[in-house]
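Asks: In the working numbering, the protein residues as written are 2 to 408.
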């Protein structure tokens with residue numbers, strides 16, 4: 002870890018052996034670091050604890066004429082990753098009027114401490130009570146033409162195209178305050194670009210209505226009979242919980258992480274609030290963190306998050322005890338997969354971990370199996386170094402591979 006690429010910054014390392022209850026290596030392990038996407042490990046714990054085997058896609062109640070939908074924050078609705086859509090099939094098959102309950106949704110579209118000028122980037126899709134298509138448009142650009150997901154995006158969004166000179170990069174721009182998109186094409190390139198849109202329940206209803214070919218209204222704009230029981234009595238499950246978590250961890254999907262935390266809030270508190278569920282978890286299930294971490298969001302985009310390496314050791318050990326190593330291995334990334342692609346290529350099956358990266362910061366926390374059948378839990382945090390992210394990741398890799406080989 003004395004590599005010239007990272008020595009200019011701050012390094013925190015904690016390596017713990019559960020079999021002996023001893024730390025085999027500690028460096029600044031009780032100091033605070035900005036962990037970036039290692040925060041997703043905390044969100045993963047909350048999901049494993051409270052979301053059950055399957056995600057609640059919607060909750061609903063019925064009367065003689067209407068089905069009243071209660072959003073749950075589920076991010077898989079018509080998301081391109083998930084081909085099976087139980088909620089869509091259910092709504093297609095109902096003969097009742099479909100109403101969506103307007104909720105008191107507490108979170109803002111962006112988390113505290115997020116970089117506002119990243120708004121057009123795929124990794125900063127807006128948080129919302131009932132996401133659809135991942136709250137993004139995907140533009141599949143092919144030279145001078147393009148297709149979109151959703152297919153008829155031009156019906157709902159203002160999309161214009163500009164033909165560029167040869168050699169200029171294909172790009173898609175979006176206005177900050179509205180859903181006006183500009184597709185910059187050239188006649189030689191192909192590229193897929195995903196851009197977030199500004200979301201709302203009204204907008205979700207329009208997109209969903211177009212898919213199921215039925216009208217969908219907000220419940221507060223529709224006259225309900227006085228005897229309607231406004232509490233949701235039924236649930237439609239959408240996807241296996243672990244299938245969402247695997248995508249979240251392998252791709253380091255910020256949107257999935259944020260919505261997962263909101264789903265946990267909805268299940269445990271009865272409403273969606275990242276702030277309230279974080280406060281609740283830190284006072285209950287996670288009250289025994291060695292330090293007093295500052296936990297701000299579900300994905301780690303915020304630079305306000307502060308955790309120590311020993312905090313992650315505690316969390317990972319707790320996860321192993323409560324959920325079992327085999328389940329964790331099925332969710333986390335191993336060598337040469339996901340965000341560890343081209344790293345630990347010869348050590349697949351020896352490491353299961355979550356990466357983290359933002360400008361000048363690189364993190365890796367997880368589980369390590371050695372060639373001599375030792376088992377360790379580790380957390381490495383590199384902050385404020387002047388080298389590239391790749392250099393930081395390679396420095397961590399070199400350090401951990403030596404442990405895998407020699408311990």
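Built from N, CA and C at the ideal position, the CB exists for glycine as well.
(1) Name the DSSP bridge partner or partners of residue 164?
(2) If you run the structure through DSSP and keep just helix, strand and coil, what is residue 192?
(3) Expressed to the nearest angstrom, what Euclidean distance is found between the alpha-carbon atoms of residue 113 and residue 196?
(4) Determine the DSSP secondary structure at residue 310, reduced to helix, strand or coil.
(5) Secondary structure at residue 17, three-state DSSP: helix, strand or coil?
(6) Of all the beta strand (DSSP E) runs that stay within the bounds of the stretch 227–296, which reach a length of 3 or more residues?
(7) If you draw a straight line from the alpha carbon of residue 102 to that of residue 358, how long is it in whole angstroms?
(8) Run through the DSSP bridge pairs and tell me what residue 383 is partnered with.
(9) Taking only the alpha-carbon atoms, compute the straight-line gap between residue 73 and residue 85 and give it to the nearest angstrom.
(10) Taking the alpha carbon of residue 21 as the reference point, which residue from 318, 290 and 76 has its own alpha carbon closest?
(11) What is the C-beta distance between residue 411 and residue 394, in whole angstroms, given that I count them as a contact (C-beta under 8 Å)?
(12) Inspect the CB distances between the stretch 283–295 and the stretch 158–171 and report whether three or more fall short of 8 Å.
(13) If we count Cβ pairs, one from each stretch, closer than 8 Å, do we get three or more for the stretch 205–221 versus the stretch 21–38?
(14) Would you be able to state if there are at least three C-beta pairs under 8 Å between the stretch 256–270 and the stretch 117–130?
(15) What would DSSP say about residue 395, mapped onto helix, strand or coil?
(16) According to DSSP, simplified to helix, strand and coil, what is residue 413?
(17) Please classify residue 331: does DSSP put it in a helix, a strand, or coil?
(18) Going by DSSP, name the residue or residues bridged to residue 349.
(19) Alpha carbon to alpha carbon, what distance is there between residue 202 and residue 262?
(20) Which residue spans inside the stretch 89–138 form an unbroken beta strand (DSSP E) run of at least 3?
(21) Considering only DSSP beta bridges, list what residue 49 is partnered with.
(22) Quick one: residues in its chain with C-beta nearer than 7 Å to the C-beta of residue 241, no 5 flanking neighbours on either side, listed in chain order?
(23) Cα separation between residue 314 and residue 378?
(24) Check each candidate in 283, 373 and 237 and name the one with the smallest Cα separation from residue 298.
(25) From residue 141 to residue 174, what does the alpha carbon distance come to, in whole angstroms?
(26) Does DSSP classify residue 169 as helix, strand or coil?
(27) Considering just the uninterrupted stretch of the alpha helix (DSSP H) at residue 149, what are its terminal residues?
(28) Count the other CB atoms within 10 Å of the CB of residue 94; is the residue buried (16 or more) or exposed (fewer)?
(29) Go through its chain and collect everything with a Cβ distance to residue 331's Cβ below 8 Å, but skip five positions before and after it.
(30) Are the CB atoms of residue 116 and residue 389 within a distance shorter than 8 Å?
(31) Does DSSP classify residue 7 as helix, strand or coil?
(32) What first and last residue would you give for the alpha helix (DSSP H) that runs through residue 60?
(33) Check each candidate in 391, 361, 387 and 373 and name the one with the smallest Cα separation from residue 37.
(34) Measure from the alpha carbon of residue 182 to the alpha carbon of each residue in 312, 211 and 154, then state which is nearest.
(35) Would you kindly report the start and end of the unbroken beta strand (DSSP E) that includes residue 219?
(36) Within the same chain, show all residues whose beta-carbon is closer than 6 Å to that of residue 338, passing over the 5 residues directly before and after it, in chain order.
Replies: Looking at the atomic coordinates:
(1) Partner(s): 186.
(2) Strand.
(3) Answer to the nearest angstrom: the Cα atoms are 21 Å apart.
(4) Three-state DSSP puts residue 310 in a helix.
(5) Of the three classes helix, strand and coil, the one that applies to residue 17 here is strand, per DSSP.
(6) Listed in chain order, the complete beta strand (DSSP E) runs (minimum 3 residues) inside the stretch 227–296 are 235–241.
(7) Roughly 38 Å between the two C-alpha positions.
(8) The partner list for residue 383 (beta bridge, DSSP) reads 12 and 363.
(9) Approximately 18 Å between the Cα atoms of the pair.
(10) The shortest Cα separation from residue 21 among 318, 290 and 76 belongs to 318.
(11) The question about residue 411 has no answer here: the residues shown for the chain are numbered 2 through 408.
(12) Two segments are said to touch when three or more pairs of C-beta atoms, one from each, lie closer than 8 Å; by this definition the stretch 283–295 does not touch the stretch 158–171.
(13) The answer is no - the stretch 21–38 does not touch the stretch 205–221, with fewer than three Cβ pairs under 8 Å.
(14) Yes, the stretch 117–130 is in contact with the stretch 256–270.
(15) Helix.
(16) Since the first residue of the chain shown is 2 and the last is 408, residue 413 is not available in this structure.
(17) Here DSSP, grouped into helix, strand and coil, assigns residue 331 to helix.
(18) The partner list for residue 349 (beta bridge, DSSP) reads 352.
(19) The straight-line gap from Cα to Cα measures roughly 19 Å.
(20) Counting only runs of 3 or more, we get 98–101.
(21) Within the DSSP bridge table, the entry for residue 49 names no partner.
(22) The residues are 54 and 55.
(23) Cα-Cα distance, rounded: 6 Å.
(24) Out of 283, 373 and 237, 283 has the C-alpha closest to the C-alpha of residue 298.
(25) C-alpha separation (whole angstroms): 14 Å.
(26) Secondary structure at residue 169: coil, using DSSP grouped into helix, strand and coil.
(27) For residue 149, there is no enclosing alpha helix (DSSP H); the enclosing beta strand (DSSP E) has its first and last residue at 146–150.
(28) That one is exposed.
(29) Contacts found: 243 and 247.
(30) Cβ atoms of residue 389 and residue 116: not closer than 8 Å.
(31) In the structure shown, residue 7 sits in coil (DSSP, three-state: anything other than H, G, I, E or B).
(32) Counting along the chain, residue 60 falls outside any alpha helix (DSSP H), though it belongs to the beta strand (DSSP E) covering 55–63.
(33) Proximity to residue 37 across 391, 361, 387 and 373 peaks at 361, based on C-alpha coordinates.
(34) The shortest Cα separation from residue 182 among 312, 211 and 154 belongs to 154.
(35) Taken as a continuous stretch (DSSP letters only), the beta strand (DSSP E) holding residue 219 covers 217–219.
(36) For residue 338, same chain residues with a beta-carbon under 6 Å away, outside a window of 5 residues either side, do not exist.
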